[in-house]
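Working notes for the structure below.
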Amino acid sequence: MASPVPPQKHFGGDIAFVPSSSSSAPSFPALSPLQNAYNRFSTWRSSLGLTNPGSVENLQKEVKNTHLTNFIFDGARADLMKGLSMDPAFQVTHSFSLASQTMPPSYSFGAVFANQQLFLQGNVDHDGNLSGRFNQGWSPTNVTKMQMQLGTTPGHSMIQLEHDYQGADYSLNGKVINPSPTDGSGIYVGSYLQSVTRNLALGFETLHQRSTPELTETSTSYVAKLMGTNSDWIATAHIQPIGVLQATYWHKLSEKVEAAADLQLIAAPQRRDAIATLGAKYDLRMSTFRAQVDSTGKVSALLEQRFAPTFSFTVAGEIDHFKNAAKVGVGVMIESSSLTPEEMGMMMPPGPPPV
Amino acid sequence: MPSEETKERIIRAIDFGRTVLHYGWIPYIIFVGYTRSNPQPSLIKLMSPLA
Numbered sequence: 001m002a003s004p005v006p007p008q009k010h011f012g013g014d015i016a017f018v019p020s021s022s023s024s025a026p027s028f029p030a031l032s033p034l035q036n037a038y039n040r041f042s043t044w045r046s047s048l049g050l051t052n053p054g055s056v057e058n059l060q061k062e063v064k065n066t067h068l069t070n071f072i073f074d075g076a077r078a079d080l081m082k083g084l085s086m087d088p089a090f091q092v093t094h095s096f097s098l099a100s101q102t103m104p105p106s107y108s109f110g111a112v113f114a115n116q117q118l119f120l121q122g123n124v125d126h127d128g129n130l131s132g133r134f135n136q137g138w139s140p141t142n143v144t145k146m147q148m149q150l151g152t153t154p155g156h157s158m159i160q161l162e163h164d165y166q167g168a169d170y171s172l173n174g175k176v177i178n179p180s181p182t183d184g185s186g187i188y189v190g191s192y193l194q195s196v197t198r199n200l201a202l203g204f205e206t207l208h209q210r211s212t213p214e215l216t217e218t219s220t221s222y223v224a225k226l227m228g229t230n231s232d233w234i235a236t237a238h239i240q241p242i243g244v245l246q247a248t249y250w251h252k253l254s255e256k257v258e259a260a261a262d263l264q265l266i267a268a269p270q271r272r273d274a275i276a277t278l279g280a281k282y283d284l285r286m287s288t289f290r291a292q293v294d295s296t297g298k299v300s301a302l303l304e305q306r307f308a309p310t311f312s313f314t315v316a317g318e319i320d321h322f323k324n325a326a327k328v329g330v331g332v333m334i335e336s337s338s339l340t341p342e343e344m345g346m347m348m349p350p351g352p353p354p355v
Numbered sequence: 356m357p358s359e360e361t362k363e364r365i366i367r368a369i370d371f372g373r374t375v376l377h378y379g380w381i382p383y384i385i386f387v388g389y390t391r392s393n394p395q396p397s398l399i400k401l402m403s404p405l406a
């Protein structure tokens with residue numbers, strides 16, 4: 001047994017505890033072959049020069065940011081945002097929305113606080129429905145998150161607890177949704193994404209659903225992510241065992257133009273369907289323009305125009321050619337600040353931890 | 356396995372915690388933001404949409 005630290009004899013031959021002088025020296029001589037093998041393995045692993053692939057949850061982040069599905073709205077909207085502090089970031093928002101075809105008129109109040117470790121966000125509407133987020137970063141690689149939706153109607157509440165670990169070449173994430181300590185019911189999700197080469201990452205996500213202690217269901221979906229060498233393009237695939245495949249492709253065409261395509265195939269026994277979406281985003285000096293067309297006959301566009309640093313104007317439009325329907329949205333966003341220009345220029349706000 | 360009485364108590368505690376979170380979350384963020392902001396904002400600026 002090749003041990004760098006000889007076992008110490010002590011009181012009748014017992015192997016005494018050897019305090020490790022350096023991190024590579026094994027604490028227990030009996031474990032040293034394992035430790036050596038592990039050290040050799042991790043040296044080999046770091047020599048591959050793999051980078052962190054990002055989490056499974058953020059697999060399609062670039063595509064979602066290019067497409068306007070998450071940004072479109074209809075009716076009229078006004079957001080009054082008030083920055084009260086830059087470092088730590090603290091702002092409150094009053095939002096009003098009305099004349100939407102799908103949503104009743106609403107008012108909501110939001111507050112955000114963020115510093116290097118902590119991120120707190122809350123939003124409450126006029127009916128008293130609360131949604132909140134809490135992120136605590138323990139170290140740059142370890143983040144604990146909590147998300148909640150608490151409604152005034154019983155049975156509509158949701159609490160999600162999550163822990164994220166970002167390793168050197170892998171990401172690990174565990175999630176619990178609505179856990180019940182009395183009967184262990186809830187939804188449990190674990191996901192792992194590992195860089196295999198510099199351009200390819202493979203991973204899986206396992207979902208364990210426990211509605212009652214007797215009725216449980218487990219399903220695993222697999223993900224793959226292929227990246228360009230200088231990450232100017234990303235292709236992803238997500239396969240679920242019930243017969244759903246989602247494939248996306250994102251390409252940064254230039255500094256200001258990004259294009260993304262998304263294909264969703266459902267091949268379940270009772271339902272066969274496919275939707276393809278193609279979109280582009282232009283980042284201009286004072287505006288952002290997103291346009292999108294999909295295979296269900298919808299053409300939509302969204303323009304965010306910033307007229308002054310504190311005032312921006314948004315126009316959204318969507319035409320459904322197959323159903324002969326249209327939606328139009330107009331929004332204004334006014335940002336006011338209680339800070340003087342000197343205080344504003346003092347410090348840039350720290351970005352909130354990755355969500 | 357906990358007894359029925361303990362279960363009942365746990366469920367009641369969770370319900371209470373949820374209510375506290377529901378009404379206390381926004382005030383908590385405002386309190387944290389108000390006390391740690393630099394410089395400290397005035398309360399009227401904090402709440403009113405127009406000020």
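Residue numbers (the numbering used here), protein chains in the order written: chain A, 1 to 355; chain R, 356 to 406.
Glycine included, C-beta positions come from ideal geometry on N, C-alpha and C.
Fair warning: this is a prediction, and the values are worked out from it, not measured in the lab.
Please report whether the beta-carbon of residue i lies at a distance below 8 Å from any beta-carbon of chain R.
i      : result
A/M158 : no
A/S85  : yes
A/P105 : no
A/M333 : no
A/P181 : yes
A/F119 : no
A/G28  : The question names Gly, but residue 28 of chain A in the sequence shown is Phe. Output row for A/F28: interface = no.
A/G243 : no
A/V380 : With chain A represented from 1 up to 355, any question about residue 380 of chain A goes unanswered, as that position is not in the structure.
A/A111 : yes
A/S21  : Because the pLDDT at A/S21 is just 42, under 50, the model does not fix this residue reliably, and the point stays unresolved.
A/G155 : no
A/P88  : yes
A/M148 : yes
A/G186 : no
Given a cut-off of 8 Å on the beta-carbon distance, is the pair residue i and residue j in contact?
i      : j      : result
A/Q209 : A/I187 : yes
A/K175 : A/P53  : no
A/K256 : A/L215 : no
A/Q136 : A/L118 : yes
A/A111 : A/G122 : yes
A/M286 : A/D79  : no
A/G184 : A/P140 : no
A/K82  : A/S337 : yes
Rounded to whole angstroms, how far is the Cβ of residue i from the Cβ of residue j, which I believe are closer than 8 Å?
i      : j      : result
A/L278 : A/Q264 : Not confirmed; about 13 Å, so no contact.
R/S392 : A/L84  : 6 Å
A/E335 : A/T314 : About 13 Å; that fails the 8 Å criterion.
A/N199 : A/T229 : 7 Å
A/T218 : A/P241 : Between A/P241 and A/T218 the Cβ distance is about 10 Å, and since that is not below 8 Å, they are no contact.
A/G243 : A/A260 : With 8 Å as the limit, A/G243 and A/A260 do not qualify as a contact, their Cβ atoms being about 24 Å apart.
A/N142 : A/Y165 : 6 Å
A/D232 : A/H251 : 7 Å
Taking the DSSP output, what are the residues bridged to residue i?
i      : result
A/M86  : Answer is none; A/M86 lacks a bridge partner.
R/W380 : None; R/W380 has no bridge partner.
A/N123 : A/G110 and A/S131
A/E335 : A/M81
Is there at least one Cβ from chain A nearer than 8 Å to residue i's Cβ?
i      : result
R/R367 : no
R/V375 : no
R/I384 : yes
R/L401 : yes
R/S392 : yes
What residues from chain D crowd round residue i, counting only those whose CB sits closer than 8 Å?
i      : result
A/F311 : Structure shown: chain D not included; protein chains present are A and R.
Cβ of residue i versus every heavy atom of the ligand MG: is any distance shorter than 7 Å?
i      : result
A/T218 : No copy of the ligand MG occurs in the structure displayed, which carries no ligand at all.
(Q) Does the contact criterion of 3 or more C-beta pairs under 8 Å hold for the stretch 74-85 of chain A versus the stretch 326-338 of chain A? (A) yes
Q: Please determine if the stretch 288-300 of chain A and the stretch 309-321 of chain A are in contact, where contact requires at least 3 C-beta pairs separated by less than 8 Å.
A: yes
Q. Looking at C-beta atoms only, is the number of pairs between the stretch 59-74 of chain A and the stretch 361-369 of chain R that lie closer than 8 Å three or more?
A. no
Q) For the 8 Å Cβ check, are there 3 or more pairs between the stretch 189-204 of chain A and the stretch 374-394 of chain R? A) With the rule of 3 Cβ pairs closer than 8 Å, the stretch 189-204 of chain A does not count as touching the stretch 374-394 of chain R.
Q.
Under 8 Å: do the stretch 84-97 of chain A and the stretch 44-61 of chain A share three or more Cβ pairs, one atom per stretch?
A. no
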